[in-house]
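I have placed the structure first, in the form of structure tokens, so that the comments after it can refer back to it.
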Amino acid sequence: MAKAEAFALPESTLWERIKTFVNAELINILAVLLFLLLAFFLLYPILAVLIKSIRGPQGYTLSYYVKFLSKGYYYQSLINTLLLGTINTIICLGVGFCLAYLTTRGPLGLRKPLKLLTMMPLIAPPYLFALSLIILFGRNGIITNAFHLKWSIYGFSGVVIAQTLAFIPLAYLMIENTIRSLNPNLEESAYDMGATEATIIRTVTIPLLTPGILKAGLLVFVMTIAEFGNAAILGGRTPFLAPDTYTMIIGEGDFEMGSVLSVMLIMPCIIIFFMHNYMLKGKGYTTISGKPVASEPRKMTPYIKIPFIIVSFAAGLAIVICFGLVLVASFVKILGVKNEIVFSHIKDLECNLAIYNSTKVSLIAALIGATIGTLLAYVIVRGKFFGRSFIEMISLSGFALPGTVIGIGYLLAFNAPPLKLTGGIIILALNCVFRFLAVGVEAGISKLHQISIEIEEASSDLGANFMTTFYKVVLPLMFPAFIAGFIYTFMTTMVSLSAVVFLVSPGFELAAVRIFDRAIYGEIGLASATTMKLVIIVIICMILLNFATRKTGLDISKKGG
Amino acid sequence: MKGKSIFTVVAAIVSVVFLVSYVSAQEVRVYMGLSPENNVKVVNFVKEKTGIQILQTFQSFGEIEAKVKSEAPNFNADMVTGCGSPLAFMAKKNKWAAPYDSPGWKGATSEFFDPDKYWFNMSNFTFVLVGNRDKLKEKGYTLPNSWRGLLDPKWKDQIVMPSPLSSGTANMIRYTFLALYGEEKGWKFIADLDKNIHHYSRSGNAPTDLVGRGEFLLGITSHENVKKRIDEGYPLIWTIPEEGTGYDGTFAFIFPGTKMTDACKKIIDAMGSLEFSKMMAEMGYVTPRPAYNALFGDKPLNYVKLDLGWAAENRPKWNDIWKEKFRTEFK
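Chains as they are written, first to last, in this note's numbering: chain A, 1456 to 2016; chain B, 298 to 628.
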């Protein structure tokens, strides 16, 4: 304030003084506003869960935790969850790496089809795989009957398979992004000096990819333990934390125990989040700066290529079969029971309304999310105020927060006046905005690091005020980051279930929730048809967006995520 | 500006989407606990008779109860159509329901509406034993004619039933067994049955589909979709074992303080009509006005003697016992 007053002329009006003040301090004002938003919509709900877990009817108590730790069931649930997360992360990273390596270093003709194939599950609800696996391996499944299998899909192994298939694309996307920004020169010089391809992968490629692999691992782990669709459909009596939390809150109204389970779910995620930050601290992973030099693709050695291709093809085939089955199931009366072609599943109007709602919520969430993400990135990189890294940490923590917990947090935090937001569409959008914020923020930060501050300084030297500079210089430059945030938020909001399932209300049902309800109810046909329609809508939206960005001369594939 | 043009495009899309959504008829938000398909039938009936559009999400009885409890007194809906007796009695006691003297219900069987007019029971539903005809034949088994027959070890991992923590059907199954055998022996029976249960489903209708698709041999399930699934061609067979079955209502009430009270009242009135009873009876429900029952026929059902008040009162205690026995002790 003192600073602003010093600049202001004595005869200036109050309005002018405010204007000068705002102009000088805009970035700090923005920072405070954004921090308040984060605190209110991200920290407060988590805090609400924490408080609920230690508050009984007679005041504060740890009795719910004692109950959690003393019952074998909950303990087993925790062990299963961690085991599922670990196994899944390892498999997803392994397969994801094979795929990413093949699509960037492998045979040219293979790259594009394999990439498209692997990305498919990103646009479908993760529990699509539970549906397909039941059709194939259920007790009355096609493969079970054909080979008289004794293996039961209902249980731990079934959940692992479904979750792995669902999250391979995520691991692939993160690793592929890092591989592409890797300068191949380093690998080539190793090759020229006589190193075998295996040695190069082990000693050059993987170490350089560490940040990408760690980030992928973190994301896959958190998503696996939080997205409960597959576990709820295939789990049988095997307990997992996320579906149990869901049943406790939604089915039984046991908010205290549900909150304890949430806290247990969030703890490993936060530990891994800090470990991941710690491991990356103070190490340089940047290869030679500047644009990568285009070079002739090296031929992969057969004894690397063949296993990589086998792994990738197996994963790709599984994904194709699962998608194919859903496509077929949406046109068949009761797949496996009454194989008649019908169109009633496709025509179901109730589901169309839910898809319409999903699209609406996703567009709103993507718009708000991308805007806030871009602004946050700007404030974090260009701001010079106390607590900057704290804001950065909070906005990136979305990566590590299980959707289930954020959903319950919103339910607890925003259900009573004066903050009553439940029962409408806005809470669904806000929830997704803050859950998926991290991607936009990160893209923005990496974009801003590439833009020299001199451009902005030049603009302000030429007399432009902060707003003009921001609007005319910064915003256009950051646009790819905005688009990256927009697309990620849009896509994930369309298909994610774990948080919004707690927040839907009559008239504001979302497609992902609808499909889950139908699936768990046993109506595979309707669930499949709705999934198909959802996938088509997502694809259309992506094509439109792609087209729009092309028109404006920007390439989304160059997003910095 | 490149950034500006795409921003304009997106903003335009969003505003169009918003505009479209605000042009709509008189809408009432309702928590509905029948099976999803039967909910839709009720929605269509109400739309046809009153012109009121019901907005609903499908939830099981337990879910509706949890939701209403957690939201009270700031409900995110205008009324409930289809919840179990525990919530209906609780709503009356806690004044979560607004009384309404409906002219539409004059002359209906008196057990079906509250003497003080807080709740209205759209119809009674019940549970049956279902089996997969083809799979049973394959194994050479027949549908047991007594509930005790389910305890045979040959059914191990072959039976599915809903979870009484989230499903009203399962709550009804549980209090029926407790009434049939007495509390002590009843719990023993449920514990023995648990040994053969593969898993407990979230919703009361799920076993019908799971058994129909041949995933499991037997299911204890709500009658609601049984007829429809058989008509659709599922190889389902059903029976009510000789000991009889239980029942619960599908209750409707209006939340106090809703802005849509008049519309809600019209919906309640419509539910008291003979036409509504006829529609429900066609789905196999036992109705407030006598109508031909498409699933059970003219013969009155063999009910175990029940006291719904006793069942509602003891439910929290029984839930604790059930949780302790079958959920928190991992086997």
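In this text, a Cβ means the ideal position worked out from N, Cα and C, and glycines have one as well.
When beta bridges are read from the DSSP output, S498/B appears opposite P459/B. In this structure, F1945/A keeps its C-beta atom at 7 Å or more from the C-beta atom of A1832/A. Note: L515/B is bridge-paired with G428/B, I456/B in the DSSP secondary-structure output.
In the structure shown, R1692/A adopts coil according to DSSP, grouped into three states. Excluding sequence positions up to five before and after G1540/A, its CB lies within less than 6 Å of the CB of F1676, T1679, I1680, all in the same chain and listed in chain order.
Distances from the alpha-carbon of E1707/A to those of V325/B, K346/B, K364/B, N336/B put K364/B closest. Under the 7 Å criterion on CB atoms, T354/B is classed as interfacial with respect to chain A. Proximity to Y1646/A across S1636/A, L1892/A, T1658/A peaks at T1658/A, based on C-alpha coordinates. With contacts defined by Cβ atoms closer than 7 Å, I1590/A and L1883/A do not form a contacting pair. In the three-state reduction of the DSSP assignment, S443/B falls in the coil class, being assigned neither a helical nor a strand state. At a cut-off of 7 Å between C-beta atoms, R586/B does not count as an interface residue with respect to chain A. Residue burial is scored here from C-beta neighbours: S1785/A has at least 16 other C-beta atoms within 10 angstroms and is therefore classed as buried. DSSP places F623/B outside any alpha helix (DSSP H), giving it a letter other than H or E.
For the set Y531/B, K485/B, F355/B, E529/B, the Cα lying nearest the Cα of F623/B is the one of K485/B. Classified as exposed, D449/B has fewer than 16 neighbouring CB atoms from the shown chains inside 10 Å of its CB. Sequence-distant Cβ neighbours of V1504/A in its own chain, meaning closer than 7 Å and more than five residues away, are S1714, S1717, V1718, V1860, I1863, G1864, L1867.
DSSP places A549/B in the uninterrupted beta strand (DSSP E) bounded by 544-551.
DSSP places S1953/A in the coil class of the three-state scheme, outside both helix and strand.
For Q1905/A, the uninterrupted alpha helix (DSSP H) segment begins and ends at 1892-1905. Counting only residues of its own chain and dropping the five nearest sequence neighbours on each side, R1692/A has no CB closer than 7 Å to any other CB. The count of Cβ pairs closer than 8 Å, one atom from the region 513-525 of chain B and one from the region 491-504 of chain B, reaches three, so the stretches are in contact.
Put simply, the CB of G1878/A is near chain B, with a gap under 7 Å to one of its CB atoms. Put simply, of Y328/B, E334/B, V327/B, V325/B the residue whose alpha carbon is nearest the alpha carbon of G1977/A is E334/B. Interface flag for N1595/A against chain B is set, since a Cβ pair is found closer than 7 Å. Sixteen is the threshold: when 16 or more other Cβ atoms of the shown chains lie within 10 Å of the Cβ of M469/B, as they do, the residue is buried. Along the region 1840-1856 of chain A, there is no position whose C-beta sits under 7 Å from a C-beta of chain B. In this structure, DSSP gives W535/B an extended state, which the three-state scheme calls strand. Here M1922/A is exposed: its Cβ has fewer than 16 other Cβ atoms, across all protein chains shown, within 10 Å. Less than 7 Å separates the beta-carbon of P538/B from that of L426/B. Rounded to the nearest angstrom, the Cβ distance from T1986/A to I1975/A is 14 Å, too far for a contact under 8 Å. Bounds of any beta strand (DSSP E) do not take in E1652/A; it lies within the alpha helix (DSSP H) bounded by 1652-1655. L1569/A is the residue among A1486/A, L1569/A, T1619/A, F1934/A whose C-alpha sits nearest the C-alpha of G1771/A. Per DSSP, reduced to three states, the secondary structure at M329/B is strand. Contact between the region 1625-1645 of chain A and the region 1546-1556 of chain A is present: 3 or more CB-CB pairs across the two stretches fall below 8 Å. The beta carbon of V1959/A sits closer than 7 Å to some beta carbon of chain B.
Contacts with chain B (Cβ-Cβ distance below 9 Å) from the region 1960-1975 of chain A involve S1960, P1961, G1962, F1963, E1964, V1968, R1969, D1972, R1973, I1975, listed in chain order.
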